[in-house]
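J.:
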Amino acid sequence: MNALELIGRKRDGGEHSHEEIEFLISGYLAKDIPDYQMAAWLMAVCIRGMTRAETLALTQAMVRSGEVLDLSGIPGTKVDKHSTGGVGDKVTLIGPPLAAASGVKVPKLSGRALAHTGGTLDKLESVPGLTVDLDPGRFIRQVREVGIAVAAQSPHMVPADKVLYALRDVTATVPSLPLIASSVMSKKIAAGADAIVLDVKFGRGAFMPDVAAAEELATEMVLLGEGAGRRTVALVTAMDNPLGRSVGNALEVQEALDALAGKGDEELVQVSLVVAREMCWLAEVGADPDDALRTGAGRKKFLEMLAAQGGNLERGLPTAPVQLAVPATGDGYVESIDALEVGLAGLDLGVGRKRMEDIVDHAAGIVI
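Quick note on the numbering used here: the sequence shown kicks off at 42 and runs consecutively.
#1: At the level of alpha carbons, what is the spacing between T125 and F243?
#2: Check the C-beta distance from K149 over to G285 and give it rounded, since I have them as a contact under 8 Å.
#3: Compute the beta-carbon to beta-carbon distance between V225 and M262, rounded to the nearest angstrom, for a pair I have assumed lies under 8 Å.
#4: Quick one: is I43 buried, meaning 16 or more other Cβ sit within 10 Å of its Cβ, or exposed?
#5: Is the stretch 51-59 touching the stretch 67-77 in the sense that three or more CB pairs, one from each, lie closer than 8 Å?
#6: Where DSSP assigns a beta bridge to T370, which residues make up the other side?
#7: Quick one, are the C-beta atoms of G289 and I400 less than 8 Å apart?
#8: Counting only runs that start and end within the stretch 208-241, where is the beta strand (DSSP E) found for 3 or more residues in a row?
#9: Starting from the Cα of K395, find the closest Cα among T158, A328, T212, G129 and give me that residue.
#10: Based on DSSP bridge pairs, tell me the residues matched to T278.
#11: Do G339 and A333 have their C-beta atoms closer together than 8 Å?
#12: Runs of 3 residues minimum, wholly inside the stretch 103-136: which ones carry the beta strand (DSSP E) assignment?
#13: With DSSP as the reference, label A190 as helix, strand or coil.
#14: In three-state DSSP terms, what is R272?
#15: Is it true that the stretch 262-274 meets the stretch 290-298, where meeting means three or more beta-carbon pairs spaced less than 8 Å apart?
#16: Within a Cβ cutoff of 6 Å, which residues of the same chain sit near A231, ignoring the five residues on either side of it in sequence?
#17: How would you write the range of the alpha helix (DSSP H) that V168 sits in, first residue to last?
#18: Quick one: is G393 buried, meaning 16 or more other Cβ sit within 10 Å of its Cβ, or exposed?
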């Protein structure tokens with residue numbers, strides 16, 4: 042078995058066996074296969090695609106490249122939630138706490154801002170004192186005792202995805218459905234939950250341009266999850282307009298708190314409730330998340346999670362020292378708000394990172 046032969050076969054539209062994909066992934070991680078050969082294979086995959094069996098084999102090979110979190114010490118069905126990213130997407134700060142308040146165990150590993158879309162970890166870190174770097178023991182203990190934890194993924198989980206994504210980023214091989222699906226699902230499977238709710242966004246502010254592309258990706262990811270023994274469901278939701286009224290880290294934490302207190306944007310609350318209901322269904326929990334919202338139990342659970350991770354809201358969320366109001370210049374009504382342009386404006390303000398070394402401004406953002 043050699044890399045050159047496998048590159049040629051994929052170039053010609055052939056199919057790989059599980060063993061051949063394992064050879065490619067483990068060989069690249071061990072530096073036995075050089076960048077130029079892996080880049081050639083990735084481009085062949087981009088052009089020729091992969092069968093479902095190949096995509097599952099790739100996902101499983103990436104999972105095996107690192108540690109897998111063992112959550113067997115937590116009773117009940119553990120349910121994770123993942124969004125493909127959007128502008129103003131603070132559903133993770135609302136839906137999972139509502140599910141946890143309803144009795145679901147929620148072990149959530151999240152990411153940081155990517156391009157014009159926000160990152161849950163950056164939002165949570167705007168809370169004074171809060172840490173997202175939880176060792177496995179603390180993470181598991183918090184899920185068992187509090188019912189929910191949202192933390193950063195260990196660097197020892199799915200290392201193959203990290204090196205492959207870095208190579209894809211500089212070889213124009215990012216937009217490939219099997220490569221995207223296996224990248225997302227390898228991380229979700231390694232995170233150890235029994236079930237997964239996926240929120241696949243489409244539109245101007247999302248990475249999927251239209252509903253057809255989002256549905257195709259959603260189907261692929263659900264089949265990968267089910268193929269790995271995880272009960273998986275996917276929602277396909279629009280992201281042409283920002284979700285909610287705020288874009289920014291501390292601003293979105295405050296909006297989540299307001300939403301959990303019954304004062305949220307209607308669309309944001311509805312998407313969050315749908316996510317929470319799906320999490321309850323997967324966990325076979327009979328409670329209704331609407332009750333957790335109505336009684337304030339969801340907000341209480343979110344505050345409990347923040348406190349367990351060292352957060353101290355009494356110190357106050359950061360606020361921008363300079364605030365500029367931009368009123369409408371005439372009468373009329375707003376037909377739409379371009380989520381991509383709002384996301385890019387937020388990026389210019391410091392909500393996310395233009396370069397890897399950039400420091401996020403937790404106070405910066407936009408309120409609509």
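Where a beta carbon is used, it is the ideal one built from N, C-alpha and C, also for glycine.
T.: Taking the definition as stated:
#1: 9 Å
#2: That belief does not hold up - the Cβ atoms of K149 and G285 are roughly 19 Å apart, past 8 Å.
#3: 6 Å
#4: The sequence given here has Asn at residue 43, not Ile. N43 is exposed by the Cβ-count criterion.
#5: no
#6: In DSSP, T370 forms no bridge with anything.
#7: no
#8: none
#9: T158
#10: K242
#11: yes
#12: 120-124
#13: strand
#14: strand
#15: no
#16: V104, V109, M198, V199
#17: That residue, V168, is in no alpha helix (DSSP H); it is neither H nor E in DSSP.
#18: buried
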